[in-house]
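Chains as they are written, first to last, in full-length UniProt numbering: chain A, 1 to 339; chain B, 1 to 668.
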Amino acid sequence: MTLLDSVKWFIEASLTPSPTVFTIGIAVVVLLPILLHFLLLAATPYATLPSVLLVGPSGAGKTALLTLFERGPLSKQEDYESSTEAEKSPSPIIDGSPASALLTHTSQTPAAVELAISDDRSSSFRDEVDTSSGSNARKFLLVDTPGHAKLRRYALSHLTGTASLKSPSTASASFPDSAPKKTKLKAVVFVVDAGALLSDSEALPSAAEYLYDVLLSLQKRMAGGKGSKAPASIPVLVAANKQDLFTAVPAALVKSNLEAELGRIRKTRSRGLLDSGVGADDDVSAREDGDDWLGEYGSEKFSFNQLMEFDIEVDVVGGNVVGDGPGADKWWKWIAERV
Amino acid sequence: MLDTFEILTTSGVVLWSRSYATVSPSVVNNFIADVFIEEKSSASRAKDGASAAANPPYKYDQHTLRWTFEKELGIIFVAVYRSLLHLTWIDKLVDNIRAIFVSLYGDQLKKPNTTIVECSKFDEYFDQQLHELEQTSGKSDPKELRTIKEELFSGDSEDEPPLPPSLVLRPRNSPTSKETPTADSPDSTPAASPNVSRAATPASSHLLTAKAGPGGKLSRRARKVQNSKAGPQSSGDEAGTRRSSRLAAKGAPKRGRKWDADGFADEEDDSVQLDYSTPNAATSNSDQTGGARLGAVEEVDASTWGSNTKGKFVLRDLGDEVHSILASADAKNSAAKSDAATGLVGSSLSAIGGLFRNVVGGKVLTKDDLDKAMKGMEEHLLKKNVAREAAVRLCEGVEKELIGIKTGSFESISARIQKAMEASLTKMLTPTSSLDLLREIDSITAPPATSLRKARPYVMSIVGVNGVGKSTNLSKICFFLLQNKYKVLIAAGDTFRSGAVEQLAVHVRNLTELTAREGGKVELYQKGYGKDAATVAKDAVAFATQEGYDVVLIDTAGRRHNDQRLMSSLEKFAKFAQPDKILMVGEALVGTDSVAQARNFNAAFGSGRSLDGFIISKCDTVGDMVGTLVSIVHATNVPVLFVGVGQHYSDLRNFSVKWGVEKLLSSN
Chain A
1 MTLLDSVKWF IEASLTPSPT VFTIGIAVVV LLPILLHFLL LAATPYATLP SVLLVGPSGA
61 GKTALLTLFE RGPLSKQEDY ESSTEAEKSP SPIIDGSPAS ALLTHTSQTP AAVELAISDD
121 RSSSFRDEVD TSSGSNARKF LLVDTPGHAK LRRYALSHLT GTASLKSPST ASASFPDSAP
181 KKTKLKAVVF VVDAGALLSD SEALPSAAEY LYDVLLSLQK RMAGGKGSKA PASIPVLVAA
241 NKQDLFTAVP AALVKSNLEA ELGRIRKTRS RGLLDSGVGA DDDVSAREDG DDWLGEYGSE
301 KFSFNQLMEF DIEVDVVGGN VVGDGPGADK WWKWIAERV
Chain B
1 MLDTFEILTT SGVVLWSRSY ATVSPSVVNN FIADVFIEEK SSASRAKDGA SAAANPPYKY
61 DQHTLRWTFE KELGIIFVAV YRSLLHLTWI DKLVDNIRAI FVSLYGDQLK KPNTTIVECS
121 KFDEYFDQQL HELEQTSGKS DPKELRTIKE ELFSGDSEDE PPLPPSLVLR PRNSPTSKET
181 PTADSPDSTP AASPNVSRAA TPASSHLLTA KAGPGGKLSR RARKVQNSKA GPQSSGDEAG
241 TRRSSRLAAK GAPKRGRKWD ADGFADEEDD SVQLDYSTPN AATSNSDQTG GARLGAVEEV
301 DASTWGSNTK GKFVLRDLGD EVHSILASAD AKNSAAKSDA ATGLVGSSLS AIGGLFRNVV
361 GGKVLTKDDL DKAMKGMEEH LLKKNVAREA AVRLCEGVEK ELIGIKTGSF ESISARIQKA
421 MEASLTKMLT PTSSLDLLRE IDSITAPPAT SLRKARPYVM SIVGVNGVGK STNLSKICFF
481 LLQNKYKVLI AAGDTFRSGA VEQLAVHVRN LTELTAREGG KVELYQKGYG KDAATVAKDA
541 VAFATQEGYD VVLIDTAGRR HNDQRLMSSL EKFAKFAQPD KILMVGEALV GTDSVAQARN
601 FNAAFGSGRS LDGFIISKCD TVGDMVGTLV SIVHATNVPV LFVGVGQHYS DLRNFSVKWG
661 VEKLLSSN
């Protein structure tokens with residue numbers, strides 16, 4: 001009986017217009033969505049992290065760079081490495097330290113790593129950034145993509161921003177939360193092997209071709225932006241890796257070699273056959289538009305400066321992941337400035 | 001010996017590695033590129049969960065790689081050793097390490113946005129496994145040799161002279177040994193052959209001790225001699241652990257000596273040998289009953305071993321842990337196999353839930369879910385003129401990829417399959433290297449001043465079956481090159497069919513007229529009929545070099561791909577003309593035969609040479625049934641360069657992967 005009474009009383013009280021009922025009602029109406037929002041936000045903590053994309057041909061050192069930034073330089077990791085090193089046979093270590101660097105192999109799936117930059121930009125990745133405070137450290141995702149020719153669509157789809165990293169293949173299995181649907185792409189780091197970029201080497205055309213695709217998709221993205229607000233610019237860093245090698249080409253030469261090669265590719269592509277699927281009738285207009293022409297249309301020589309027209313800033317900076325040399329500090333600083 | 005053992009993720013990070021000898025990283029890189037990315041041979045597709053024995057070994061540059069792949073976590077386990085060696089326990093090592101690693105660090109691997117896995121302690125586990133497996137194989141080898149001898153009754157006993165007396169008693173046991181292996185061989189066939197020897201030896205030794213006849217005494221003495229040579233441990237004691245080893249007769253005495261160096265006292269040997277009968281009976285019994293036999297056998301073995309040898313307790317503790325891990329992994333495997341039906345109510349509930357999930361998404365895909373939809377996809381591909389072989393392989397690959405994956409929200413199974421198939425097709429059709437023909441021609445005809453190469457004409461030749469459009473496509477390519485202002489020489493390599501040379505002459509005349517304004521130049525090089533095509537081609541190239549032509553296009557006679565006599569002349573042709581590119585023209589019209597055509601032509605140029613690309617002609621006649629594309633690329637891993645889409649000289653197109661995939665998956 002008492003139960004029935006109390007229920008009755010409760011219903012009556014809640015249906016009678018009174019200030020208390022109004023306040024509670026309004027509070028529920030206002031607070032519930034906010035609470036729900038925070039709950040959902042907590043469930044997807046990485047939804048809004050800015051990201052930096054690592055692209056480049058296979059074997060350039062993308063994954064090595066990723067692990068370097070994540071784990072810090074080897075001096076800090078000696079306790080980690082020494083355990084395995086000690087057991088290793090006393091094999092001759094070839095030029096210094098490469099043998100003691102963290103091994104990486106050809107990637108098949110993209111990998112994302114969460115990194116943090118402290119606000120005073122002078123710091124390097126060597127410093128431990130206290131992420132727990134969260135006050136003066138900004139987090140970002142460094143996304144490593146496979147460089148094998150068959151797997152470049154991961155990187156290119158990421159660039160255009162249409163597709164998520166959740167590839168339909170094994171990536172979704174191994175990295176369930178590696179990337180949110182829509183990432184805020186802040187910068188692109190194009191890693192090349194400076195040791196193989198002599199002007200007549202085999203690696204140069206393939207690297208340049210990949211760079212061409214990357215730059216072209218960025219250019220299209222800028223040109224194809226709808227509405228009055230242009231899409232945020234994405235700067236590109238060409239990281240001339242492996243400067244520790246004797247055969248390495250300095251950054252300035254890497255730049256000029258790449259520019260020359262990009263110019264050559266641009267020319268042959270404009271003269272090449274049409275892609276299948278393009279009808280014969282609309283080929284003329286597509287060709288005339290210069291849609292697939294990178295940089296200033298009709299210009300004789302290609303240079304990275306031409307891309308400034310599309311708000312794409314390209315820097316070429318040398319460095320190395322393993323061994324002695326300038327190290328990766330400059331790259332880190334470049335990324336820190338842009339994130 | 002083992003050169004390197006590596007545990008790496010699919011994203012390329014080596015989580016843990018141990019190397020005993022320097023192995024060039026290119027070995028593993030090539031392995032990944034060939035097996036996982038390019039999927040070069042259909043047999044070596046990445047199979048999730050398959051044991052290392054089921055995965056075919058990958059051989060590269062004197063190294064052999066045994067590997068296994070854990071799909072859920074995306075980690076690959078690779079063992080690298082010299083191909084010269086015959087290491088029988090590698091399979092087992094790779095499998096065991098995988099089970100241990102996954103159970104120890106699986107949680108760490110699931111964390112998002114990091115590649116760090118703290119596994120520095122894994123060294124000890126690895127050492128323990130390696131030690132144990134090496135021991136067991138080293139010990140068991142002589143005995144296996146003996147069991148084989150028992151079964152075959154062949155008295156080849158050059159390294160064990162005192163054996164013949166024991167042979168007298170043995171034959172009685174061979175029937176039992178033949179029965180036992182049927183009880184337990186769950187994973188694969190290679191594992192079955194060790195089982196024979198395992199089951200046989202304990203049973204026989206058990207029988208021997210029960211009958212203390214003169215023959216038995218003799219044989220025990222014989223065994224003692226042998227034990228002191230091969231290792232002091234008793235034969236029956238370690239018998240249970242021998243399942244991993246196969247028959248490696250050559251390595252046996254050497255490893256045995258190594259075991260001797262570990263230092264076991266001889267008196268222990270005696271005491272052990274006296275009471276080995278009971279545990280042996282137990283092990284052989286449990287063998288026959290099946291069940292969780294691996295763990296049980298291992299544990300019994302480990303405890304006796306540990307208690308017998310003082311000062312090895314650390315090893316034993318770790319061993320126990322490892323064995324329990326392995327046992328639980330085994331149990332999990334068998335449990336996964338057994339729990340199919342959980343009652344009527346449960347199954348119907350899950351069926352309703354499955355239907356609901358099918359609409360809403362978020363369903364974990366199983367083989368049953370996929371089977372029907374995959375059948376539909378296969379049917380669809382077959383309708384698109386994909387050869388059955390290629391369609392089946394594609395569907396199998398997609399199915400394997402999808403099992404255990406959760407569908408996205410509001411995503412049906414068929415949509416998911418569609419997506420996966422699209423990715424799979426894209427990956428297959430995307431070429432590995434750049435296909436910019438003009439760039440290649442430029443780099444050959446006008447090499448950079450710094451390089452040592454001399455300028456020479458770029459040689460292309462075109463092969464194919466009769467009537468697919470070799471000459472037509474050749475003239476289309478010629479037209480394209482002429483538009484780019486190259487000097488082109490067409491060599492009439494078809495010296496067989498009447499009218500072939502005249503046909504080319506007509507093409508050349510037309511092309512000259514068409515491109516007179518553009519500035520290109522084209523000539524025909526012909527030597528009439530009846531000459532050897534290879535010689536004509538060689539002469540044409542020499543002539544072009546002399547006259548400063550940019551490109552030489554060589555036409556060849558059409559030949560049936562299964563005519564050995566005609567195909568064999570292609571090898572000579574490739575040797576004489578040294579073409580930079582050999583293109584094969586394939587019809588879009590042809591069906592299942594395209595696979596055989598592509599394979600035979602790809603193999604026809606000798607060991608050092610293969611096709612460089614395909615031209616798919618007559619694409620305009622098939623609408624969207626362009627399955628031939630998939631069939632030939634599947635068969636050869638050679639990319640498609642051009643597609644012919646019409647009758648005019650200008651109707652040649654670069655092959656666009658996106659276009660091809662769209663056509664293949666379009667639903668009408």
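Idealized CB from N, CA, C, for every residue including glycine.
Integer-rounded CB distance, given that residue j should sit under 8 angstroms from residue i
{"i": "I97 (chain B)", "j": "F69 (chain B)", "result": "Not really, about 13 angstroms apart at Cβ, beyond 8 angstroms."}
{"i": "K400 (chain B)", "j": "M625 (chain B)", "result": "Going by Cβ atoms, the distance from K400 (chain B) to M625 (chain B) rounds to 27 angstroms, so no, they are not a contact pair."}
{"i": "I234 (chain A)", "j": "L218 (chain A)", "result": "6 angstroms"}
{"i": "V339 (chain A)", "j": "P50 (chain A)", "result": "6 angstroms"}
{"i": "T430 (chain B)", "j": "K150 (chain A)", "result": "5 angstroms"}
{"i": "S656 (chain B)", "j": "S276 (chain A)", "result": "5 angstroms"}
{"i": "V143 (chain A)", "j": "V52 (chain A)", "result": "7 angstroms"}
Below-8 angstroms beta-carbon distance, residue i vs any chain B residue
{"i": "R266 (chain A)", "result": "no"}
{"i": "V7 (chain A)", "result": "no"}
{"i": "V51 (chain A)", "result": "Contrary to the premise, residue 51 (chain A) reads as Ser rather than Val in this sequence. Chain B, which has no Cβ nearer than 8 angstroms to the Cβ of S51 (chain A), makes this no."}
{"i": "S285 (chain A)", "result": "Annotation note: pLDDT 45 at S285 (chain A) (below 50); position unreliable, coordinate value reported separately. It does not: the Cβ of S285 (chain A) has no partner Cβ on chain B nearer than 8 angstroms."}
{"i": "E300 (chain A)", "result": "no"}
{"i": "T63 (chain A)", "result": "yes"}
{"i": "E114 (chain A)", "result": "yes"}
Inter-residue spacing [alpha-carbon to alpha-carbon] between residue i and residue j
{"i": "A415 (chain B)", "j": "S24 (chain B)", "result": "43 angstroms"}
{"i": "A260 (chain A)", "j": "L35 (chain A)", "result": "57 angstroms"}
{"i": "V364 (chain B)", "j": "F410 (chain B)", "result": "13 angstroms"}
{"i": "A544 (chain B)", "j": "E571 (chain B)", "result": "22 angstroms"}
{"i": "L160 (chain A)", "j": "L664 (chain B)", "result": "The sequence given here has Thr at residue 160 (chain A), not Leu. The alpha-carbon atoms of T160 (chain A) and L664 (chain B) are separated by roughly 24 angstroms."}
{"i": "A505 (chain B)", "j": "T515 (chain B)", "result": "15 angstroms"}
{"i": "residue 406 (chain A)", "j": "S14 (chain A)", "result": "The structure shown does not extend to residue 406 (chain A), since chain A is modelled only from 1 to 339, so the question has no answer here."}
{"i": "A387 (chain B)", "j": "G627 (chain B)", "result": "7 angstroms"}
{"i": "G530 (chain B)", "j": "R66 (chain B)", "result": "53 angstroms"}
{"i": "E389 (chain B)", "j": "I417 (chain B)", "result": "19 angstroms"}
{"i": "S201 (chain A)", "j": "S434 (chain B)", "result": "14 angstroms"}
{"i": "V314 (chain A)", "j": "T247 (chain A)", "result": "24 angstroms"}
{"i": "A208 (chain A)", "j": "V192 (chain A)", "result": "9 angstroms"}
{"i": "E309 (chain A)", "j": "F140 (chain A)", "result": "27 angstroms"}
{"i": "V321 (chain A)", "j": "K330 (chain A)", "result": "12 angstroms"}
{"i": "V316 (chain A)", "j": "L589 (chain B)", "result": "50 angstroms"}
{"i": "R453 (chain B)", "j": "D123 (chain B)", "result": "51 angstroms"}
Cutoff 8 angstroms: residue i Cβ touching any chain A Cβ
{"i": "S631 (chain B)", "result": "no"}
{"i": "residue 678 (chain B)", "result": "Since the displayed chain B opens at 1 and closes at 668, residue 678 (chain B) lies outside it and no answer follows."}
{"i": "G627 (chain B)", "result": "no"}
{"i": "T426 (chain B)", "result": "yes"}
{"i": "E38 (chain B)", "result": "yes"}
{"i": "P448 (chain B)", "result": "yes"}
Per-residue contacts from residue i into chain B (C-beta, under 8 angstroms)
{"i": "E70 (chain A)", "result": "T114, T115 and I116"}
Amino acids of chain A, ordered along the chain, whose beta-carbon sits closer than 9 angstroms to that of residue i
{"i": "T432 (chain B)", "result": "H148, A149 and K150"}
Neighbour list for residue i in chain A, Cβ cutoff strictly below 8 angstroms
{"i": "W67 (chain B)", "result": "In chain order: nothing, as chain A lies at least about 12 angstroms away."}
{"i": "R82 (chain B)", "result": "Residues of chain A passing the Cβ test: none, with the nearest at roughly 14 angstroms."}
{"i": "I32 (chain B)", "result": "H105, T106 and Q108"}
Under 7 angstroms from the C-beta of residue i: neighbouring residues of chain A
{"i": "L8 (chain B)", "result": "H105"}
{"i": "R509 (chain B)", "result": "Near R509 (chain B) there are no residues of chain A at all, since even the closest Cβ is about 23 angstroms away, more than 7 angstroms."}
Contact set between residue i and chain B, taken where Cβ atoms lie within less than 9 angstroms
{"i": "residue 372 (chain A)", "result": "Residue 372 (chain A) cannot be examined here, being either before or after the span of chain A that is shown, 1 to 339."}
Counting Cβ pairs closer than 8 angstroms, one from the stretch 605-619 of chain B and one from the stretch 637-647 of chain B, do we hit at least three? Yes, the stretch 605-619 of chain B is in contact with the stretch 637-647 of chain B.
Any chance the stretch 61-71 of chain A sits against the stretch 110-123 of chain B, with 3 or more Cβ pairs inside 8 angstroms? Two segments are said to touch when three or more pairs of C-beta atoms, one from each, lie closer than 8 angstroms; by this definition the stretch 61-71 of chain A touches the stretch 110-123 of chain B.
Does the stretch 584-599 of chain B come close enough to the stretch 545-555 of chain B to have 3 or more Cβ pairs within less than 8 angstroms? Segments in contact, no.
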